[in-house]
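First the structure, in the form of structure tokens, and then the observations on it.
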Amino acid sequence: MHGTYDGSDGPTTDLGGQRAFPEPAVVVSLRRAMTYRVIDDDNQPVLIITDGVSTVALECGLGGLSFNVVVAAQRLGDAVADFATSIRACFLTRESRSLGHHRRNRRRERWQRRGSRNSGR
36 MHGTYDGSDG PTTDLGGQRA FPEPAVVVSL RRAMTYRVID DDNQPVLIIT
86 DGVSTVALEC GLGGLSFNVV VAAQRLGDAV ADFATSIRAC FLTRESRSLG
136 HHRRNRRRER WQRRGSRNSG R
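For what it's worth, the numbering used here labels the leading residue of the sequence shown as 36, then goes sequentially.
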């Protein structure tokens, strides 16, 4: 996509609820996401991202390899790393909140009550 780079140095931009892009046409689930690197007919690298249902191909475009493609690929890689860091932080926060807050095991409670009653005999 030509002309979509806004010149910001960060890998991602927090839009704060407003979208500066079209509605996504494809959603790839991270739970089953796989990536493959292939070479196209013009001997250019292509990155395939798939979850087994949806597939996205990231390629250099008609202009072929250029400095802008290298910069865009690096920016995309940085954004993915930033996204992974955010997901990891959210997961760890959620896990730390749930420590010690396990669902009660009613069978174990009954077993323990029965055991305490029978131990006095």
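Glycine included, every Cβ here is placed at the ideal spot set by N, Cα and C.
All values derive from a computational prediction rather than experimental measurement.
- Taken atom to atom, the span from the alpha-carbon of Cys95 to that of Ile74 is near 11 Å.
- If you compare the alpha carbons of Glu130, Gln79, Ala108, Arg123 with that of Leu65, the shortest gap goes to Arg123.
- DSSP places Leu82 within a strand segment (E or B) once states are collapsed to three.
- Shown here, Val73 sits in a strand according to DSSP, grouped into three states.
- The closest CA to that of Asp76, considering only Thr85, Leu97, Ala119, is found on Leu97.
- The DSSP-derived three-state label of Val63 is coil.
- A straight line joining the alpha-carbon of Ala68 with that of Leu82 spans about 13 Å.
- Distance from the CA atom of Val104 to the CA atom of Ser133, rounded to whole angstroms, is 43 Å.
- For Val88, no beta strand (DSSP E) encloses it, and the DSSP letter there is neither H nor E.
- The beta carbon of Gly99 sits closer than 8 Å to those of Asp77, Gln79, all from its chain and outside the five residues before and after it, given in chain order.
- For Glu130, the enclosing alpha helix (DSSP H) stretches over residues 102 to 133.
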